[in-house]
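Reading through the structure tokens given below for one structure.
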Amino acid sequence: MKKLILTLLIISVMTGIVYSQVITTLPGGMGLTDWESPQSAATQGRMRSNSDNFIRADAFTGVSFDKFFAMTSYASTGRAQLGYATKISNIYMAIAYGGSFWTGYTPNNYNEMYRSDWPGGAKTVPVYNNLNFAASSPENRMALLIGLPDMNMGFRFAFFTSYDSISNKEFVSGADLYKSFNSARGNITPQLAWSMTKDLTPKGIRPNLSLDLGFMKNYEKYDKYLNDGTTNTTGVDVRNSQNYFQPVLSAGLGGYTLFRNEGGFRLSADLDYNLISRFYRNEYSYKDAAGKYQTSTIKGVVNGGTFREYSYFQNSFTPSISGQWSTGPLATRFQFRMPLYLGSEKSTAMNLEAGKTSGDLVKEGADSKTTIVNFAPQLRLAAQWKIISSLTLNFGGRISISSLQRETSKGETFSQGIKNDNSSFKNITSTFGSTGNALTAGVTFNPFSNLSFEAACGVVSPNTVSVFDPSGLFRFANILVSLKF
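With the first letter of the sequence shown counted as 1, position 133 gets the number 547 in this note's numbering; the numbers rise by one all the way through.
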């Protein structure tokens, strides 16, 4: 078995191909989304460091210090990543921040101008050159972990936002006089995570649970003055409204040991579950008998005058088999993940009822239900070689076996709420994704017992390692520094 693990790692290194790897992480779980230490990234998540575990509700007890632990990452020149942990009596507390602070927010610059012809009377109003969002978006994530070692559990409260909005009244943009304008994009997602920190049985089981509540915003609506010498307006015109609420429930078994021997090899199994739902409720506009815009709601999305009722539901089950073995300066890990995704999508094209001004929507186009079954197995391999007591090389390999997907869509078409004759359809599409193979490497350097450096190094596409190349093993990136006292 020991030789098998080493052989698998070597195979992963030697069979590298050109592959544009995109790692999609499901929301929820014990790790913070969008954050991973260089050591964990280099070992494909199989060998985490203190900079991962200090903010994990299931692993904070493994971070040892007397007074505090602190870390910062230099992986991005435009993003900060900070963390701090301490103990207050018997309570463990940690905070983490990752993001761009206020960078990316739309500035909404304007000039003020006196308008004697303003509807309702002369006044000084803002004048905007445009009402478009900034090219970039703000992204900020904060987390607070409260650990209760005496109760063998931890709680984490996290909050992520990329929300940006524009909300103005009584202003000018171009040739238009606006009574109001409201637009927003991005999401606001609070999270609550809980985990045991001690196995419930001699062979494992350390359950964990997390709940993410995602409020996704993407809309634009405005009300303009008619500019006819009166205070009359067009009414609120909803040009785009694609908001939805996405709760995500994640649960994990926490691992169960299947086999262990005196040589240090251990084999274990685990099971993770993820439930994602999307609920839509958006405004849309229509013209009444007087030609003025009115608003109503749809359980779906609105985009440029098109309407669609929509709902989405997904279950995912991820059983996995993991193994580890270490001897002397060498430690190895592997994990075979077998995620199965079961998705269900309901979509109905709608339109305003012809010849009426009530704003009622009727089916217009395809009314379909789609089920998706996706199986995407993945093998992760990792090794650490401690060259000297203070310097460790980290290696990882990931083989993503071709994703198998079967999509079945069936439904019928309508015209103004009436089913079209012989319009029933059923489409079945099978997809065989591409196989991917990625190699990662990095180093962990501990010059002192209370100081640690982590970095990625030395692998360029296509999975090439060149020791003396400018991009070789002696080129370090994604630097992370941590301290503990």
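Just so it is clear, CB atoms sit at the ideal spot from N, CA and C, and this is done for glycine as well. Remember, predicted model here, so these are calculated numbers, not experimental data.
Under a three-way DSSP split, which group does residue i fall into?
| i | result |
| --- | --- |
| P533 | coil |
| N834 | coil |
| P563 | helix |
| F573 | strand |
| A403 | The chain is shown from 415 up to 899; residue 403 falls before or after that span and cannot be answered. |
| V436 | Low confidence applies to V436: its pLDDT is 22, below 50, so where it sits in the model is not reliable enough to give any reading. |
| T475 | helix |
| E697 | strand |
| Y519 | coil |
| L897 | strand |
| L446 | coil |
| D702 | coil |
| M461 | coil |
| K635 | strand |
| V652 | strand |
| R470 | coil |
| K593 | strand |
| R555 | strand |
| Y528 | strand |
| P540 | strand |
| S772 | coil |
| S624 | strand |
| F890 | strand |
For residue i, which residues does DSSP report across the bridge?
| i | result |
| --- | --- |
| A797 | T746 and F809 |
| P604 | F573 |
| M630 | N601 and Y658 |
| T843 | E821 |
| L545 | For L545, which the question treats as bridged, DSSP gives no partner whatsoever. |
| R692 | Y726 |
| E826 | D781 |
| R751 | S734 and Q792 |
| G643 | DSSP output for G643 lists no bridge partner at all. |
Less than 8 Å between the beta carbons of residue i and residue j, yes or no?
| i | j | result |
| --- | --- | --- |
| N696 | T711 | yes |
| G662 | I619 | The displayed chain sequence assigns Val, not Gly, to residue 662. No, these two residues do not count as a Cβ contact at 8 Å. |
| M461 | Q453 | yes |
| G600 | D578 | yes |
| S844 | Q819 | yes |
| T741 | G810 | no |
| S823 | N841 | yes |
| Q458 | A796 | yes |
| N632 | Q605 | no |
| S725 | V650 | no |
| L446 | R555 | yes |
| N522 | I580 | yes |
| G568 | F482 | no |
| D448 | T611 | no |
| L667 | P621 | yes |
| T648 | K706 | yes |
| A484 | A557 | no |
| S597 | E553 | no |
| V541 | F585 | yes |
Determine the extent of the alpha helix (DSSP H) in which residue i is found, giving its start and end residues.
| i | result |
| --- | --- |
| M465 | A quick correction: the sequence has Ser, not Met, at residue 465. N464 to N467 is the extent of the alpha helix (DSSP H) around S465. |
What residue range does the beta strand (DSSP E) around residue i cover?
| i | result |
| --- | --- |
| Q738 | T720 to T741 |
| N582 | D578 to S587 |
| L766 | L754 to L766 |
| A499 | A494 to I502 |
| Y784 | The residue you asked about is not Tyr; residue 784 is Thr in the sequence shown. That run of the beta strand (DSSP E) goes L775 to F789. |
| T486 | F482 to S487 |
| R506 | Note that residue 506 corresponds to Tyr in the displayed sequence, not to Arg. Where Y506 is concerned, the enclosing beta strand (DSSP E) stretches over I505 to G513. |
| G670 | It is worth fixing the name first, because residue 670 is Tyr in this sequence and not Gly. Taken as a continuous stretch (DSSP letters only), the beta strand (DSSP E) holding Y670 covers Y670 to R674. |
| F859 | G850 to F862 |
| N717 | G714 to N717 |
| S866 | L865 to C871 |
Between the options, which lies nearest to residue i when the distance is taken from Cα to Cα?
| i | options | result |
| --- | --- | --- |
| A855 | K898, K833 and Q798 | Q798 |
| S465 | Y498, R493, T491 and A456 | Y498 |
| T785 | I735, L623, N729 and F479 | N729 |
| G628 | T538, Y694, D590 and V586 | Y694 |
| G847 | F859, Q792 and G534 | Q792 |
| D781 | F750, M764 and A549 | M764 |
| R747 | P753, M527 and Q738 | Q738 |
| S761 | T827, D642 and F595 | T827 |
| N892 | V477, G476 and S487 | S487 |
| E723 | S736, Y658 and Q708 | Y658 |
| A489 | F899, F731 and C871 | C871 |
| E759 | S866, G825 and D774 | G825 |
| L865 | F731, L894 and V787 | L894 |
| Y636 | L591, S803 and G492 | L591 |
| S664 | S551, T671, Y687 and D774 | Y687 |
With a threshold of 7 Å, establish whether the CB of residue i neighbours any heavy atom of the ligand FAD.
| i | result |
| --- | --- |
| E676 | The ligand FAD is not among the ligands present in this structure, which contains no ligands whatsoever. |
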